[in-house]
RNA sequence: GGGCCAGUAGCCCAAUGGCAGAGGCAGGGGACUUAAAAUCCCCACAGUGCGGGUUCGAGUCCCGCCUGGCCCGCCA
């Protein structure tokens, strides 16, 4: 790269200058610049891991930076902040291994990340930087938790929201919860219990993945399919633990319906809808044969009730113990014990259905038939009522179970012609309901002949009239398990008084700071029943507080990593406020943005850029917190993120040897074709032999290639520092944007970088002629007289027209996030400018303004050399003249019967008749149609003419 | 098993239903050079994964397959 322009000197210099001039400062209410229209561009903030950034990480950051810089040039007051999702497990894990405090590890990692991000020239307002592990930040995380804790959800409350819609249900302060007289009469502690049962943050015994060896609860993702811990491969047990839960399920309907008005990628909305999992159906009560109890089931197909030939309870169902007969008790107990040990994940792995008969029977409420009650782990305690009516005729899972255990299968739905009825799950027509010849009596519910939807309505109504069931809506969404047995997280602002009362820490006492610890290890044990001891339980005096003369114990769990990221976009609006989590005026200025066209004005961040990996949980949790804050009047918009954009993932070639082991990608060489036999493990855990061809070698042995996500473990990571050292940040930015559509996944290819680097080099040459350029250290001399003598006042007309086209194209492409095609167009202009005899200085200046959002350093440098005054970062976006973007004459294609026969050049304004006449004049056309009359002529203005004879 | 997205030149990718090529990499030739690098100029290369359909006209729309990527996971 000997002859490259001096990016190593230019880039850091401009980064320093931008910072010195506070070029990217966003103006809050009352500050200079706040009168401009606001625009909030936000990146998903990163967890600063020890490995630093690889080139896949900044893809979205570069794209959002282009938008931020472009919007500034278009006259917007742009808020573009960056911060750190800094609580989390890896730092704690590292602390356990090395003894280095997570605070220290985190500080170092943030430093590395920040250095790397600055090197890329991202236009963040660093004065708004924040880290979720900072007490000044988590003070307000705790404050928000207290707001949630001190609220209940009133499903009846009707109100009008900021978008003008009538909404039913809202979070309200807990002291507004009506206390029933019979509760009040039982005294203060009964009232307290009643309130605690209704709070949006509540304690509950819930089954969790408990790993005694690690001394902690694990998320489902941290448990392998073998039911062991991902880290360390220790056994994991299901056990109930008392945990903090957040009542997100109350918001299921609003979280679902407000998706409509958001400008988000449709697949992400779909994933959220699926996660919320709304399904309409009915509860049906099945009386037990031999007791007063009923078993309530949820079904989406009440119309198939006549086909229910048995019932299944989840092994954990509370009635299992009471209904099981003596003969079946041993088998049932064994099955329950076995099921308890297996994780949800493991249960789904099993391909054949298992289960045990309880010996008990229930009565089908529509036809009084006696049906057996089984338990099986294909029924999950966590969904619906934890029990089902099994209709093997209309449900594949039930059918499989029925066939395994020889249970009755009857048809109750007639499918469309040509489809087999056994296990048919779609809509059809009800049959055998009641079965022919059955004596249903006068009270029977007759469904025969009804289409499925109508049959559902009829039977639900029938059940409701007789008090044997009711229509209802179920959600897959579960309440949010909010405690973790970890150290490096936010402490709960919660105290337990000696009489058992749960007390929120007074707001004036916040933050509850993390106590210092030397030993971060959880309390490990071999005993699956050992009580968990969290790291905080070892923090001595910290664990107890005396208030008003009474002893209080502190909550010893910490919050999950999601907590800090649930509201950071709000703190960026007013990051140094010590009196409030955000100033209301600042909140309104930045978030009250417009709704998408024709949609309710839900507000929120104008552009939220990030990968699809957080499509469900982070976005759902943040939306939930936002809605609670909204209900309580702390924010002014129903939604936090108005527009979302997911950048695609950058993959990179990775290489594996014959054992399927990854080898370092940068040491792989190409060679002659060779065959190699590999053993691959399939998802089912089987291995498969395969012979493949390859041309890649590692240390002389053949290896094979695949495209993978960049990661240390796949040994295919490319470090941006190295790319910047060799080509500069502007080249890295340009390359990542030119790779392809932002939203698509695409492979990294270091060889291709040289292309955009050459482009920047040509831009440089347009302004700075080679013969006047000094070495890197002699910049000042160059600045004096070193402007390309070709640049003057004379404009080349064609070049001017091309410039207007280019401005239009680049502008339009930025607006639609098509940065790759914008760059291609800029390359075209520079190539033409290079060929042109005369280029006007102002033409280059306008071009540099186009280039500035993409390659800001080189654009600034050349702008300054051309005598530009203020920073280009604050210059205005160039205008284009529509009239100059269209050509006077156009070449159009001539087709005969859809086949290309020639081309003609006509004035752009030519009439259709003239075009047809000109086309008919072509010799090739004459030959084709001779004197035949035209049946039809299709003229597409400026494109083609198609003659049909 | 279900859902979403994508398959265009050796590679990465363009193309409001309208001439398959904007741009880049790699390749070939040439200019410059003592030579090389860098730079510049020129050239070649596919008929759009497969099979149907709609249309004056399909890479683009519809149906069915194949391949790849991502997400979901017995949700009653």
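Residue numbers (my numbering): 71 to 1019.
Just so you know, even glycine gets a beta-carbon here, dropped at the ideal spot from N, CA and C.
| Query | Result |
| --- | --- |
| Check whether residue 929 and residue 942 have beta carbons under 7 Å apart | yes |
| Opening and closing residue of the beta strand (DSSP E) in which residue 971 lies | 969-977 |
| Local conformation of residue 998 per DSSP, three classes | helix |
| Residue 722 - partner residues in DSSP beta bridges | 778 |
| For residue 527, the nearest candidate out of 109, 265 and 351 (CA to CA) | 351 |
| Any 3 or more C-beta pairs closer than 8 Å across the stretch 540-553 and the stretch 622-640 | yes |
| Residue 88 in three-state terms, based on DSSP | helix |
| Where residue 618 falls, given that 16 or more other Cβ within 10 Å makes a residue buried | exposed |
| Cβ neighbour criterion (16 or more within 10 Å) applied to residue 987 | exposed |
| Cβ neighbours of residue 400 in the same chain (closer than 8 Å, five flanking residues each side left out) | none |
| Nearest-angstrom Cα separation, counted from residue 186 out to residue 283 | 37 Å |
| Nearest residue (CA-CA) to residue 388, options 545, 814 and 456 | 456 |
| For residue 309 and residue 277, believed in contact at Cβ under 8 Å, the rounded distance | 7 Å |
| Member of 396, 523 and 599 whose CA lies at the smallest distance from the CA of residue 411 | 599 |
| Candidates 881, 937 and 964, of which the one nearest residue 950 by Cα | 881 |
| Whole-angstrom C-beta distance between residue 904 and residue 879, which should lie under 8 Å | Not quite, the Cβ-Cβ distance comes to about 19 Å (not below 8 Å), so this is no contact. |
| Nearest-angstrom beta carbon gap, residue 677 and residue 713 [assumed within contact, 8 Å] | 5 Å |
| CB contact flag (residue 805, residue 823, <7 Å) | yes |
| Given residue 165 as reference, the closest of 587, 735, 802 and 461 once Cα atoms are compared | 587 |
| Rounded straight-line distance, which links the Cα of residue 355 to that of residue 394 | 19 Å |
| Exposed unless 16 or more other CB atoms sit within 10 angstroms - verdict on residue 176 | buried |
| Sequence ranges, alpha helix (DSSP H) only - wholly within the stretch 248-293, length at least 4 | 251-254 and 258-268 |
| Residue 792 burial status per 10 Å Cβ neighbour count (16 or more: buried) | exposed |
| Cα-Cα separation between residue 184 and residue 596, rounded to whole angstroms | 42 Å |
| Residue span of the beta strand (DSSP E) that contains residue 445, given as start and end | 440-445 |
| Contact test: residue 795 Cβ vs the ligand COA heavy atom, cutoff 6 Å | Among the ligands in the structure shown, none appear at all, so the ligand COA cannot be discussed. |
| Residues near residue 622 by beta carbon distance below 8 Å, same chain, minus five either side | 565, 566, 567, 568, 573, 614, 615 and 616 |
| Within 7 Å, strictly: CB atoms of residue 932 and residue 920 | no |
| At least three beta-carbon pairs within less than 8 Å, the stretch 327-337 to the stretch 700-713 | yes |
| Cβ shell of residue 685 (< 6 Å), same chain only, five flanking positions each side left out | 338 and 341 |
| Beta-carbon proximity of residue 245 to residue 237, cut-off 7 Å | no |
| Residue 567 (DSSP reduced to helix, strand or coil) | strand |
| DSSP state of residue 845 mapped onto helix, strand, coil | Summary for residue 845: the model assigns pLDDT 44, below 50, so the residue's position carries little reliability, and this model does not support an answer. |
| Residue 306 and residue 377 closer than 7 Å at C-beta | no |
| Touching by the beta-carbon criterion (3+ pairs, under 8 Å), the stretch 99-111 and the stretch 144-156 | yes |
| Beta-carbon contacts of residue 312 that lie in its chain and below 8 Å, excluding the five residues immediately before and after | 273, 274 and 275 |
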